[in-house]
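Notes for the one structure printed next.
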Amino acid sequence: MKRPWALLFAMVLAAILAVGCARAHKTALNNARTSLDQAKAMGVEEKAPYEYYTAESYLRIAEEEATTEGDYKGAKEFAEKSQKASAEGMKKAGGGAK
Amino acid sequence: MRNRNLLLLSLLILAVSFAAGCAKRGMTKSETDRADAIAAKIAKAEKMGIVKCNPLELAIAKTTLDHAIHEGKESYRDQVEEKKAYFDAAEKAADDLWALVGPCLEKMAPPPKGAPDMGAQQIAPPPPVPMPVAPAPVTFENIHFDYDKSFIRDDAKPTLQSVADYMKKNPDAKLLIEGHCDERGTSEYNIALGQRRADSAMNYLTNLGVAGDRVSTITYGEERPADPGHNEAAWAKNRRGVFVLR
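Residue numbers (the working numbering), protein chains in the order written: chain A, 146 to 243; chain B, 6 to 251.
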């Protein structure tokens, strides 16, 4: 009679892990989108185009990984790269502002 | 005790299965070599200053390769065709980038002594375009864009000037700018690119003094080609901005 509890525990654990993973990639994607919007508003596309386009391209890949591939780990990884590129672009654009 | 042994045996089998599964993931030597060759091509283009002329193409080449390597590492070794498609895309992006190195170097080279100052010619205002007198349906020429670009080309400036002149002479007129793309690239990407093209034209008009609240934009991406062909001539026609008076 102990086994149903073990099974239930394993199922709950798996559900928690799945929800955690899904949340992690969604948060990363949202952060990347926000950063890219912010970069666009700051004129990074003109001031630091390489960084801007890198961020845009990584975000596209991240979205593709999440939606088409179902690879949430990959989506999170590419979303984080996108956010990093946006941040570098904003730093560059801000530093060059007059 | 017997149950415990069974449990241990199950765990052992599970661990071995996982290990065997993991061992099959990753890139083969030929894939690694191919990735290295693509990376070398991109690095060479980068070293030659391509970032100054074609930052978009450089970003696409690098991120596409990164994506291919990710897929290469994450996929099973027998998923050869799937992985090949990603590496093909990365190689194409690197080749496209490499093709731009020559024109970029020419662009960056200083003009020969005694040559006319092309920079001054480029920033000179475009010649005024006569406005139609009759109020009957007014149409404007389409403007065109370079592949994967949204900046306003010199040949589009006279058209934009004529649109701006018309808008100033007709304060009640409202304008819709449509952004279109050729068929290459994903639909999602082209939707965004079409929007950037429409925005770019709108910004140019507002800089010429047209009030922003009289102009709106829409993107059709690759959905409404002007020419249904699948060649460079058709694509060049399809990468366009269209002005619609409302």
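Each residue gets a CB set at the ideal place from its N, CA and C atoms; glycine is no exception. Given the structure is predicted, the values throughout are model-derived calculations rather than measurements.
Can you find at least 3 beta carbon pairs, one from the segment 143 to 150 of chain B and one from the segment 235 to 244 of chain B, that sit closer than 8 Å?
Cβ pair count under 8 Å is three or more, so yes.
Does the beta carbon of residue 56 of chain B sit closer than 9 Å to a beta carbon anywhere in chain A?
Along the second sequence, one-based indexing puts residue 56 of chain B at 51. Interface residue, yes.
Note down, in chain order, each residue of its chain lying with its Cβ closer than 8 Å to the Cβ of residue 45 of chain B, except the 5 sequence neighbours on either side.
What you label residue 45 of chain B is simply residue 40 of the second sequence in a count that begins at 1. For residue 45 of chain B, there are no CB contacts under 8 Å within the same chain when 5 residues up- and downstream are skipped.
Less than 6 Å between C-beta atoms, sequence neighbours within five positions excluded: which residues of the same chain meet that for residue 123 of chain B?
Numbered from its first residue, the second sequence carries residue 123 of chain B at position 118. Interpretation of residue 123 of chain B is limited by its pLDDT of 47, a score under 50 that renders its predicted location unreliable; the figure taken from the coordinates is listed afterwards. Contacts found: none.
With distances taken between CB atoms, is the gap from residue 62 of chain B to residue 105 of chain B smaller than 9 Å?
The residue given as residue 62 of chain B occupies position 57 in the second sequence. The residue given as residue 105 of chain B occupies position 100 in the second sequence. Taking 9 Å as the Cβ cut-off, residue 62 of chain B and residue 105 of chain B qualify as a contacting pair.
What first and last residue would you give for the beta strand (DSSP E) that runs through residue 235 of chain B?
Start at 1 with the first residue of the second sequence, and residue 235 of chain B comes out as number 230. DSSP places residue 235 of chain B in no beta strand (DSSP E); its state is neither H nor E.
Mind listing the chain E neighbours of residue 96 of chain B? Cutoff is C-beta to C-beta under 9 Å, in chain order.
Considering every chain present, this structure includes no chain E. Its protein chains are A and B.
Quick one: residues in its chain with C-beta nearer than 8 Å to the C-beta of residue 59 of chain B, no 5 flanking neighbours on either side, listed in chain order?
Position 54 of the second sequence, counting from 1, holds the residue named residue 59 of chain B. Excluding residues within five positions, the ones whose Cβ falls inside 8 Å are 102, 105, 109.
7 Å CB neighbourhood of residue 228 of chain A in its chain, flanking five on each side removed:
Indexing the first sequence from 1 puts residue 228 of chain A at position 83. When the five nearest sequence neighbours on each side are left out, the beta carbons in the same chain lying within less than 7 Å of the beta carbon of residue 228 of chain A are those of 176, 177, 180, in order along the chain.
What's the C-alpha gap between residue 171 of chain A and residue 246 of chain B?
Start at 1 with the first residue of the first sequence, and residue 171 of chain A comes out as number 26. Start at 1 with the first residue of the second sequence, and residue 246 of chain B comes out as number 241. If you take the alpha carbons of residue 171 of chain A and residue 246 of chain B, they lie about 35 Å apart.
With a 10 Å radius around its C-beta and 16 neighbouring C-beta atoms as the bar for buried, classify residue 189 of chain A as buried or exposed.
In the first sequence, the residue the question calls residue 189 of chain A occupies position 44. Buried is the call here.
Which of the residues in the segment 195 to 206 of chain A, read from start to end, lie with their CB under 9 Å from any CB of chain B?
If you check each beta-carbon in the segment 195 to 206 of chain A against every beta-carbon of chain B, the ones closer than 9 Å belong to 195, 196, 197, 198, 199, 200, 201, 202, 203, 205, 206.
Going by the beta-carbon positions, is the gap between residue 213 of chain B and residue 143 of chain B smaller than 9 Å?
As a working note, residue 213 of chain B is residue 208 in the second sequence. As a working note, residue 143 of chain B is residue 138 in the second sequence. For residue 213 of chain B and residue 143 of chain B, no; Cβs fall outside 9 Å.
Please compile the residues from chain B whose C-beta is within a distance smaller than 8 Å of the C-beta of residue 182 of chain A.
Residue numbering aside, residue 182 of chain A sits at position 37 when the first sequence is read from its first letter. Residue 182 of chain A does not reach chain B, its nearest Cβ partner there being about 12 Å away, counting only Cβ pairs nearer than 8 Å.
For residue 248 of chain B, the residue or residues it bridges with in DSSP
Taking the second sequence and counting its residues from 1, one reaches residue 248 of chain B at position 243. In DSSP, residue 248 of chain B forms a bridge with B/182.
From the beta carbon of residue 65 of chain B, is the nearest beta carbon of chain A less than 9 Å away?
Locating residue 65 of chain B in the second sequence gives position 60, where the first residue counts as 1. It does; some Cβ of chain A falls within 9 Å.
For residue 234 of chain A, return the contacting residues in chain B, with the cut-off set at a CB-CB distance below 9 Å.
Here residue 234 of chain A corresponds to residue number 89 of the first sequence, with the count starting at 1. In chain order: nothing, as chain B lies at least about 10 Å away.
Three-state secondary structure (DSSP) at residue 220 of chain B?
Numbered from its first residue, the second sequence carries residue 220 of chain B at position 215. In the structure shown, the three-state DSSP call for residue 220 of chain B is strand.
When the Cα of residue 155 of chain B is compared with those of B/194, B/42, B/145, B/169, which residue comes out closest?
If you number the second sequence from 1, residue 155 of chain B lands on position 150. Nearest C-alpha to residue 155 of chain B: B/194.
Extent of the continuous alpha helix (DSSP H) to which residue 107 of chain B belongs:
One-based indexing of the second sequence puts residue 107 of chain B at position 102. Its alpha helix (DSSP H) spans residues 106 to 113.
Can you give me the Cβ contacts of residue 169 of chain B inside the same chain, cut-off strictly under 6 Å, excluding the 5 residues immediately before and after it?
As a first step, residue 169 of chain B is located in the second sequence; it is residue number 164 there, counting from the start. Shown here for residue 169 of chain B: same chain residues with a beta carbon closer than 6 Å to its own, the five before and five after excluded, namely 210, 213, 215 in chain order.
I'd like to know whether the C-beta of residue 81 of chain B is nearer than 9 Å to at least one C-beta of chain A.
Position 76 of the second sequence, counted from the first residue, corresponds to residue 81 of chain B. Chain A contact via Cβ: absent.
Does any CB atom of chain A fall closer than 9 Å to the CB of residue 69 of chain B?
As a first step, residue 69 of chain B must be located in the second sequence, where it is residue number 64. Chain A contact via Cβ: present.
Along the chain, where does the alpha helix (DSSP H) containing residue 35 of chain B start, and where does it finish?
Translated into the one-based positions of the second sequence, residue 35 of chain B becomes position 30. Element bounds for residue 35 of chain B: 34 to 52.
Using 8 Å for Cβ pairs, my map puts residue 90 of chain B next to residue 70 of chain B. What's the rounded Cβ distance?
On the second sequence, residue 90 of chain B is found 85 positions in, with the first residue counted as 1. On the second sequence, residue 70 of chain B is found 65 positions in, with the first residue counted as 1. Not a contact, Cβ separation roughly 14 Å.
Buried or exposed for residue 88 of chain B, going by 16 or more other Cβ atoms inside 10 Å?
Here residue 88 of chain B refers to the residue found at position 83 when the second sequence is read from its first residue. With 16 or more other Cβ atoms within 10 Å, it is buried.
Partners in chain B for residue 215 of chain A, counting only beta-carbon separations shorter than 8 Å
By one-based count along the first sequence, residue 215 of chain A stands at place 70. Correct list: empty, because the minimum Cβ distance to chain B is about 12 Å.
Against chain A, with Cβ distances strictly below 9 Å, would residue 211 of chain B count as a contact?
The sequence position of residue 211 of chain B within the second sequence is 206, counting from 1. With 9 Å as the cut-off, residue 211 of chain B does not count as an interface residue toward chain A.
For residue 238 of chain A, does the three-state DSSP call read helix, strand or coil?
Here residue 238 of chain A refers to the residue found at position 93 when the first sequence is read from its first residue. Under the three-state reduction of DSSP output, residue 238 of chain A falls in the helix class.
Endpoints, the alpha helix (DSSP H) within which residue 80 of chain B is located
Position 75 of the second sequence, counting from 1, holds the residue named residue 80 of chain B. Looking at the DSSP string, residue 80 of chain B is not in any alpha helix (DSSP H), and its letter there is neither H nor E.
Going by beta-carbon coordinates alone, are residue 197 of chain A and residue 173 of chain A separated by less than 9 Å?
Counting from 1 along the first sequence, the entry for residue 197 of chain A is found at position 52. Counting from 1 along the first sequence, the entry for residue 173 of chain A is found at position 28. No, they are not a contact pair.
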